[in-house]
Amino acid sequence: MITARVAIARLRPGPQSLVRCESLLDPQELARANRFLRSADRDRFIASHAALRLVVGAELGVPPDVLRFDREEGGRPFVAGPASNGFDFNLSHSGDLAVIGCVEGARIGVDVEARRPLPDALRIARSHFASEEASALAALPPEDREGAFFALWTRKEAVVKALGTGLSLSLAAFTVAVPPSPPGLLRIADGGGKWFMAALDVGPGACATVAVTAADCDIRPVSLAEDWADMFMTK
Ligand SMILES: CC(C)(COP(=O)(O)OP(=O)(O)OC[C@H]1O[C@@H](n2cnc3c(N)ncnc32)[C@H](O)[C@@H]1OP(=O)(O)O)[C@@H](O)C(=O)NCCC(=O)NCCS
Numbered sequence: 218m219i220t221a222r223v224a225i226a227r228l229r230p231g232p233q234s235l236v237r238c239e240s241l242l243d244p245q246e247l248a249r250a251n252r253f254l255r256s257a258d259r260d261r262f263i264a265s266h267a268a269l270r271l272v273v274g275a276e277l278g279v280p281p282d283v284l285r286f287d288r289e290e291g292g293r294p295f296v297a298g299p300a301s302n303g304f305d306f307n308l309s310h311s312g313d314l315a316v317i318g319c320v321e322g323a324r325i326g327v328d329v330e331a332r333r334p335l336p337d338a339l340r341i342a343r344s345h346f347a348s349e350e351a352s353a354l355a356a357l358p359p360e361d362r363e364g365a366f367f368a369l370w371t372r373k374e375a376v377v378k379a380l381g382t383g384l385s386l387s388l389a390a391f392t393v394a395v396p397p398s399p400p401g402l403l404r405i406a407d408g409g410g411k412w413f414m415a416a417l418d419v420g421p422g423a424c425a426t427v428a429v430t431a432a433d434c435d436i437r438p439v440s441l442a443e444d445w446a447d448m449f450m451t452k
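To convert a position in the sequence shown, counted from 1, into the working numbering, add 217.
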């Protein structure tokens with residue numbers, strides 16, 4: 218069985234950690250960071266990409282600031298160069314949480330969403346998700362719908378992110394299990410091969426799912442310490 222390691226990081230860098238995080242990023246990442254209008258969004262972007270570099274660098278034995286990334290046609294990033302043969306990763310961030318999945322010999326997709334009030338969850342599901350998914354959501358007690366919607370959303374996004382198709386694949390083109398059923402891919406247009414999906418516990422207030430293109434996978438979550446940025450960087 219293959220193993221996926223999934224790091225969960227809080228994105229709350231203090232001013233000094235932020236400077237260190239920034240020093241790991243390449244010019245493209247810094248340019249993207251500087252496009253954010255709100256400094257809190259900029260800081261979280263910087264922290265998420267520093268965490269990504271630290272985690273992926275540790276996986277591959279490459280210094281974090283030396284890692285180079287390239288993008289697939291659909292925009293999905295991958296590590297450039299021979300060190301990354303067979304290695305795959307995926308990043309997701311929402312609010313002050315980042316999730317970074319790493320695997321060898323398969324593709325991985327991760328998605329985290331901070332939960333927020335969403336009175337029109339059912340309308341969104343009906344217009345974007347597969348009809349079976351929207352119906353299953355509508356059949357739930359109203360008080361369970363919002364939580365189920367966020368779990369469902371991360372299940373669908375995790376699949377899309379493993380595939381790397383971005384929004385070119387309609388979210389209605391495939392079906393995943395709807396809570397309270399456990400995560401799983403039920404139907405996808407081209408047969409789709411084997412998939413393994415699991416919910417990730419990221420604490421109250423957020424939902425996260427990991428999807429791996431393998432029949433079975435040992436998912437190993439690791440929560441980075443609150444002060445991960447300082448701990449990594451003072452080594
Ligand atoms: C870009 C996309 C892959 C994920 O976006 P997202 O869920 O908003 O954001 P996440 O934080 O989970 O993922 C972003 C990260 O995924 C990675 N990524 C970018 N393009 C990707 C792609 N095509 N496939 C997989 N991963 C991708 C990058 O590392 C990116 O981080 P960065 O922007 O800091 O460089 C795409 O699926 C998208 O735009 N989805 C939004 C769809 C939507 O609105 N769904 C609503 C459902 S109700």
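Yeah, the Cβ is synthetic: ideal placement off N, Cα and C, and Gly gets one too.
| said: Given the structure, does K411 come close to ligand 1, in the sense that its CB is under 7 Å from one of the ligand's heavy atoms? | reply: Locating residue 411 in the sequence shown gives position 194, counting from the first residue. Not one heavy atom of ligand 1 lies closer than 7 Å to the C-beta of K411.
| request: For T371, collect the residues of the same chain with a Cβ closer than 7 Å to its Cβ; drop the 5 residues on either side in sequence, then sort them by chain order. | output: Here residue 371 refers to the residue found at position 154 of the sequence shown. These residues qualify, in order along the chain: D328, V329, E330, C424, A425, T426.
| query | What is the rounded straight-line gap between the Cα of D313 and the Cα of I405? | reply | By 1-based counting over the sequence shown, the position of residue 313 is 96. By 1-based counting over the sequence shown, the position of residue 405 is 188. The alpha-carbon atoms of D313 and I405 are separated by roughly 32 Å.
| query | Shortest alpha-carbon distance to A221 belongs to which of A446, D444, L417, E443? | reply | Walking along the sequence shown from the start, residue 221 turns up at place 4. Looking at A446, D444, L417, E443, the one whose alpha-carbon comes closest to that of A221 is L417.
| query | For F391, which of helix, strand or coil comes out of DSSP? | reply | What you label residue 391 is simply residue 174 of the sequence shown in a count that begins at 1. Here DSSP, grouped into helix, strand and coil, assigns F391 to strand.
| Local conformation of E246 per DSSP, three classes | Against the sequence shown, residue 246 aligns to sequence position 29. Helix.
| task | Would you tell me roughly how many angstroms separate the C-alpha atoms of A300 and G292, rounded to the nearest one? | result | Position 83 of the sequence shown holds residue 300. Position 75 of the sequence shown holds residue 292. Between the alpha carbons of A300 and G292 lies a distance of about 21 Å.
| message | Suppose the cutoff is 7 Å on Cβ atoms and the five residues either side in sequence are ignored; what does the same chain contact list for V320 look like? | response | Along the sequence shown, one-based indexing puts residue 320 at 103. Closer than 7 Å at Cβ, skipping near neighbours: I219, A221, D305, V429.
| field | Whole-Å CB distance - G326 paired with V377, under 8 Å assumed | value | The residue you call residue 326 lines up with position 109 of the sequence shown. The residue you call residue 377 lines up with position 160 of the sequence shown. Confirmed, Cβ separation roughly 7 Å.
| query | Looking only at C-alpha atoms, which of L403, L388, E363, L235 sits nearest to E374? | reply | Position 157 of the sequence shown, counted from the start, is the residue given in the question as residue 374. Among L403, L388, E363, L235, the Cα nearest to that of E374 belongs to L388.
| Closer than 7 Å: is that where the CB of D243 sits relative to any heavy atom of ligand 3? | Ligands in the displayed structure: ligand 1; ligand 3 is not one of them.
| message | Does the beta-carbon of W445, which I'm using as the reference point, lie nearer than 7 Å to any heavy atom of ligand 1? | response | By 1-based counting over the sequence shown, the position of residue 445 is 228. Answer for W445: no, Cβ out of range of ligand 1.
| message | For N307, count the other beta carbons within 10 Å of its own beta carbon; 16 or more makes it buried, fewer makes it exposed. Which is it? | response | In the sequence shown, residue 307 corresponds to position 90, counting from 1. Buried, since its Cβ has 16 or more Cβ neighbours within 10 Å.
| Going straight from the alpha carbon of A250 to that of F262, what length do you get? | For the purposes of this step, residue 250 is taken as residue 33 along the sequence shown, with counting starting at 1. For the purposes of this step, residue 262 is taken as residue 45 along the sequence shown, with counting starting at 1. Those two C-alpha atoms are separated by around 6 Å.
| Outcome for P164 when other beta-carbon atoms lying within 10 angstroms are tallied against a minimum of 16 | The question about residue 164 has no answer here: the residues shown for the chain are numbered 218 through 452.
| task | With DSSP collapsed to three states, give me the class of R237. | result | For the purposes of this step, residue 237 is taken as residue 20 along the sequence shown, with counting starting at 1. The three-state reading of DSSP puts R237 in helix, counting H, G and I together.
| request: Check the DSSP bridge columns for F367 and list the partner residues they point to. | output: Indexing the sequence shown from 1 puts residue 367 at position 150. In the DSSP output, where bridge partners are listed per residue, F367 has none listed.
| query | Excluding five sequence neighbours on each side, which residues of the same chain lie with their C-beta closer than 6 Å to the C-beta of A432? | reply | What you label residue 432 is simply residue 215 of the sequence shown in a count that begins at 1. For A432, the CB contacts under 6 Å within the same chain, skipping 5 residues up- and downstream, are K411 in chain order.
| field | Run of the alpha helix (DSSP H) containing D260, from where it starts to where it stops | value | Counted from its first residue, the sequence shown places residue 260 at position 43. Residues 256-277.
| request: Consult DSSP for R362 and reduce its assignment to one of helix, strand or coil. | output: In the sequence shown, the residue the question calls residue 362 occupies position 145. In the three-state DSSP reduction, R362 falls in the helix class (H, G or I).
| request: Go to L403, then tell me how far its beta strand (DSSP E) extends in each direction, as first and last residue. | output: Along the sequence shown, read from residue 1 onward, the residue named residue 403 stands at position 186. Taken as a continuous stretch (DSSP letters only), the beta strand (DSSP E) holding L403 covers 402-405.
| query | Counting Cβ pairs, one atom from each stretch, are 3 or more of them under 8 Å apart for the region 263-270 and the region 234-250? | reply | Three or more Cβ pairs closer than 8 Å define a contact, and the region 263-270 meets that threshold against the region 234-250.
| request: Would you kindly check if the distance between the Cβ of F391 and the Cβ of A347 is under 8 Å? | output: Here residue 347 refers to the residue found at position 130 when the sequence shown is read from its first residue. Here residue 391 refers to the residue found at position 174 when the sequence shown is read from its first residue. Yes.
| task | Determine the DSSP secondary structure at R227, reduced to helix, strand or coil. | result | Position 10 of the sequence shown, counting from 1, holds the residue named residue 227. Residue state, collapsed to three classes: strand.
| Quick one, are the C-beta atoms of L441 and A275 less than 8 Å apart? | Working through the sequence shown from its first residue, we reach residue 441 at position 224. Working through the sequence shown from its first residue, we reach residue 275 at position 58. In this structure, A275 does not lie closer than 8 Å to L441 by Cβ.
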